[in-house]
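Colleague:
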Amino acid sequence: MMDYDRQLKLQAYLDGELSEAEAREMGNWLARDREAVALHTELRNTRQALTGFEVGIELPESREFFWSKIEREIERQAPPEPARHSWLAGWRRLLVPAGAIAALALAALVVTKSGSEGTPLEASLADPGAFTYRDDSARTTLVWLSYPAENELADSEPSSKVP
Amino acid sequence: MTEKDHSSADDRALVRAAQQGDMRAFEELVARHRDKIYARAYSMMRNEEEAIDLSQEAWVKGWQRLKQFQGESSFSTWLTRIVINLCLDQLRKHKRQRTESIEAMNEETGGVERQMPVVTVNPTAGLERAELRRRIDQALGQLSYEHRTVLILHEFEEMEYKTIAKTMSCSIGTVMSRLFYARRKLAALLADLKRGTGDERAASGGE
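Protein chains in written order, with the working numbering: chain R, 6 to 168; chain P, -1 to 205.
Right, here's the structure in full:
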């Protein structure tokens, strides 16, 4: 009976995995050994039987349905896009307090010109985001808070989501 | 690129467009190669549902890694390698979850195939294509995943021994003995199926 290494070498010959010299030697052996020929034939038949096996296998889902699942998954796994209007948010953060100061200055100017008494404008040292207008004669105090809106804060913070 | 351009463009043009973010180009690639990718997954997994899921996962990974594709092989070959790796991962998980049979252990030591008698007639000669596929499908299902995978990588993917060894993280010697066992076992199973259906007469067409 053929030894195992010889059998594996015969298979390697069939698969074209031997060197030229080894293949020549194996060819000569095949020409004179019927047992080797029988095994070689069996291996070759099996290989031929498998040819084209996958050709008729089709995905049992329509093109549209299969693609829709892929597309959805791609979108779900996509990393979050960087904030597209971050420059705008930055400008807004600068412009909002500046606008508030300008508005209060204008209000103070109007009040002063109209001869009204009181303390028209105060900027709190403790909180630079707050401005106060007080009219003693009218017993009125207005506080202007110029903190950025919540969504602006969210825009400015880096996302901690990992794709 | 318009829809008409997509359907008439070759794979390389579609890949280039998809690499620049054109999802319709990628959709066209999916449409062209989805059956092949699914077929490979099905051959390896032997389960329709898992094969669909894994081929879908391969396409998603393909999109995510598309920029890494340099065109050394065809696009379908590149994507087939992705699905093969996903299937191998899944099969290894399955293997960890099940108890190995005594036969499987014997297969690993390479002892069984030496005692199998040689199948002297061609057990698939004269069969209709559909019947041939059915029998091969049945026989492949009876191989362990290691033997089936080696056979698939060699016969369908046309990988050399050393590439299979690398893909399956084993030695070339292991690849050779697994391939030998798989072929011999498949020949015996196909012969049994032929005997079972009583169509020995067709065997006369053998070599």
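From the three backbone atoms N, C-alpha and C, an ideal C-beta is built for every residue, glycine too.
(1) Indicate whether at least one CB of chain P lies closer than 8 Å to the CB of E102 (chain R).
(2) Look at the alpha carbon of Q95 (chain P) and the alpha carbon of K2 (chain P), and state the distance between them as a whole number of angstroms.
(3) Please confirm if Y36 (chain P) has its CB atom under 8 Å from at least one CB of chain R.
(4) Would you check if the distance between the CB atom of G93 (chain P) and the CB atom of Y143 (chain P) is smaller than 8 Å?
(5) Express the C-alpha separation of R98 (chain R) and S72 (chain P) in angstroms, rounding to a whole number.
(6) Using CA coordinates, which residue listed in P:K59, P:D33 and P:D9 is at the minimum distance from I62 (chain R)?
(7) Using only CA atoms, which one of R:A54, R:A83, R:R49 and R:S67 lies nearest to V58 (chain P)?
(8) Would the beta-carbon of M31 (chain R) fall within 8 Å of that of L44 (chain R)?
(9) Check the Cβ-Cβ distances between Q16 (chain R) and every residue of chain P, and say whether any is below 8 Å.
(10) I need the straight-line Cα distance from W34 (chain R) to A41 (chain R), nearest angstrom please.
(11) Measure the C-alpha to C-alpha separation of L147 (chain R) and W96 (chain R) and round it to an integer number of angstroms.
(12) Identify the residues that DSSP records as bridge partners of D141 (chain R): which are they?
(13) Is any heavy atom in the ligand GDP found nearer than 7 Å to the beta carbon of N45 (chain P)?
(14) Going by beta carbon distance, what residues of the same chain come within less than 6 Å of R44 (chain P), once the five residues before and after it are set aside?
(15) Hey, out of P:L64, P:Q68, P:A56 and P:Q62, whose CA is closest to R79 (chain P)'s CA?
(16) Taking the DSSP output, what are the residues bridged to T146 (chain R)?
(17) For T51 (chain R) and V13 (chain P), what's the separation of their Cα atoms in angstroms?
(18) Would you identify the three-state DSSP class for G104 (chain R), choosing helix, strand or coil?
(19) Cα-Cα, which of P:S175, P:L151, P:P121 and P:V28 is closest to E69 (chain R)?
(20) Between the C-alpha atoms of M42 (chain P) and F58 (chain R), what's the straight-line distance to the nearest angstrom?
(21) Buried or exposed for T75 (chain P), please, with buried defined as at least 16 other CB atoms from any protein chain shown within 10 angstroms of its CB.
(22) For L191 (chain P), which residues of its own chain have a beta-carbon under 6 Å away from its beta-carbon, when the five flanking residues on both sides are left out?
(23) Please report whether the beta-carbon of Y179 (chain P) lies at a distance below 8 Å from any beta-carbon of chain R.
(24) For a contact defined as C-beta to C-beta under 9 Å, what are the partners of T118 (chain P) on chain R?
Modeller: In this structure, then:
(1) Per the sequence shown, the amino acid found at residue 102 (chain R) is Pro instead of Glu. So no, P102 (chain R) is outside the interface.
(2) 48 Å
(3) yes
(4) Before going on, a small fix: residue 93 (chain P) reads as Lys here, not Gly. The answer is yes: Cβ separation under 8 Å.
(5) 51 Å
(6) P:D33
(7) R:A83
(8) no
(9) yes
(10) 8 Å
(11) 26 Å
(12) Its beta-bridge partners do not exist; DSSP assigns none.
(13) The ligand GDP is not part of the structure shown, which contains no ligands of any sort.
(14) G139
(15) P:A56
(16) R:R139
(17) 37 Å
(18) helix
(19) P:V28
(20) 13 Å
(21) exposed
(22) R133
(23) no
(24) A43, T46 and E47
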